[in-house]
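Following the UniProt record's numbering, the numbering of the sequence shown begins with 1 at its first residue and continues without gaps.
Virtual Cβ for every residue (Gly too), placed ideally from N, Cα, C.
Here the structure is a predicted model, which means the values were calculated and not measured.
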Amino acid sequence: MKDLLLIALFAALGAAGAGLLGWAAVRLLRRRSVALSLFCVAAVTVLAVTSGTFAVAQAMFLSGHDLGVVITVLCMASVVSLLTAALLGRQVVAGSRALTEAARTVGSDAGFTAPEHPLGLELAQLSRELAATSGRLAESRARAQALDTSRRELIAWISHDLRTPLAGLRAMAEALEDGVADRPDRYLKRIRTEVERLTGMVDDLFELSRIQAGALSLSLSRVSAYDLVDEALAGAHPLARQRGVRLEGRLVEAEPVEVDSREITRVLGNLLVNAIRSTPEDGVVAVSARREADEVVLSVTDGCGGIPEQDLSRVFETGWRGSTARTPRPADAGADRGGEGGDSGAGLGLAIVRGIVEAHAGRARVHNVAGGCCFEIALPAVAG
Ligand SMILES: Nc1ncnc2c1ncn2[C@@H]1O[C@H](COP(=O)(O)OP(=O)(O)OP(=O)(O)O)[C@@H](O)[C@H]1O
Ligand SMILES: [Mg+2]
1 MKDLLLIALF AALGAAGAGL LGWAAVRLLR RRSVALSLFC VAAVTVLAVT
51 SGTFAVAQAM FLSGHDLGVV ITVLCMASVV SLLTAALLGR QVVAGSRALT
101 EAARTVGSDA GFTAPEHPLG LELAQLSREL AATSGRLAES RARAQALDTS
151 RRELIAWISH DLRTPLAGLR AMAEALEDGV ADRPDRYLKR IRTEVERLTG
201 MVDDLFELSR IQAGALSLSL SRVSAYDLVD EALAGAHPLA RQRGVRLEGR
251 LVEAEPVEVD SREITRVLGN LLVNAIRSTP EDGVVAVSAR READEVVLSV
301 TDGCGGIPEQ DLSRVFETGW RGSTARTPRP ADAGADRGGE GGDSGAGLGL
351 AIVRGIVEAH AGRARVHNVA GGCCFEIALP AVAG
């Protein structure tokens, strides 16, 4: 028993020496290839066994013959274990190289292509993470590209929309200056109308840029949906009268909502102006407010005859408007109609509607109804 303890002590001393060497080697190699470290671990194991055996032999617990036998066995075992370590190292390095190669495809147009080389558990996990990151990167790049394209389109459209009335204003100002205008009062009236339209457009652009920059600061207060609808209807009356369109408040419930009433009145105003513009004379534009589960839904229904199905998803896009031609429609040309006469907008109204409604954690949507379409904004209802 005592001998066995002594053997264990000598073997431990011999192995500890090899272990210390191995610890120093592994520390030195920590920035080098993992294959070297694996080889080093195998070499330390062999060394620990060999030095332990020599220590035990030195203490006379092994005869010369036995030592020879043990050393021969050890030599064979070390060859096999070092070869196995080298093979394992190669395998790990090949997997990591394949993954490095594949990582270069993260963010590429084709997206991440996982390596075909079989990977260990950890590397396979890393590969899955890279695939997910690449997917997220592609999504955000597509979003940024879409935003960039829509901004560029918007700038082009707005420049076009500004150029046409500005050219008209210049022509009218020149005619007045040269005294060749037969009815100067009509020209002045038309100039005022155009300036009002341009001011509205610039105002819309400013609002939209505040929305898109997330700089829309809402001053929320509790108001009744009834008051919001009432105020919007009052604002839209002059245009409705001018167009011969009847405005109706149907089923307007006095549900409370917590909103920025100025912004929501603007939303309803935009929807009403669109509805009145799209409804033929003698038509009806109806507004309603009702509670639906945990939402208060305000809706504006017109008699436009319906929006083509393929356009329904596009109406809220910035700058989109029904006709692709971005020139004022004939109705706009008439200076005599005065006031709010023009039909032609910049396609900003509904983008502003969506922006303001979403800033209130609500949703804006549209669907066709018999003879027209119905724009709805759903706002969170006040709890309790
Ligand atoms: N109530 C509606 N009925 C039928 N079509 C509509 C209605 N509201 C909007 N649209 C269509 O959606 C387009 C986009 O509307 P939006 O309010 O964003 O722009 P706009 O009215 O053309 O211009 P702006 O509002 O900037 O003066 C309109 O040009 C029109 O074709
Ligand atoms: Mg509009």
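| Query | Result |
| --- | --- |
| For Ala335, the three-state DSSP class (helix, strand or coil) | For Ala335, the predicted model reports a pLDDT of 38, less than 50, meaning its position is unreliable and no value from the coordinates is stated. |
| Enclosing beta strand (DSSP E) for His367 [first to last residue] | Arg363 to Val369 |
| Beta-ladder partner(s) of Gly249, from DSSP | Val287 |
| Simplified DSSP assignment, three categories, for Ser224 | strand |
| 7 Å Cβ cutoff met for Gly355 and Leu379 | no |
| Coil, strand or helix - Cys40 by DSSP | helix |
| Three-state class that DSSP yields for Cys304 in the structure shown | coil |
| Closer than 6 Å: Gly269 CB and nearest ligand 2 heavy atom | no |
| Where Ala167 sits in the DSSP three-state scheme | helix |
| Short Cβ contact (7 Å threshold) for Val245 with Thr279 | yes |
| Proximity below 7 Å, CB of Val366 to CB of Val315 | yes |
| Cα-Cα separation, Thr133 to Gln212 | 26 Å |
| Alpha-carbon to alpha-carbon, Gly111 and Ala335 | Note that Ala335 has pLDDT 38, beneath the 50 cutoff, so the model's placement of it is unreliable and the number below is only indicative. Distance between the alpha carbons of Ala335 and Gly111 is about 56 Å. |
| Counterpart residues of Val296 in DSSP-defined beta bridges | Arg291 and Leu379 |
| Check: Asn274 C-beta below 6 Å from any heavy atom of ligand 2 | yes |
| Simplified DSSP state of Thr258, which is helix, strand or coil | Checking the displayed sequence, the identity of residue 258 turns out to be Glu instead of Thr. Correct three-state label for Glu258: strand. |
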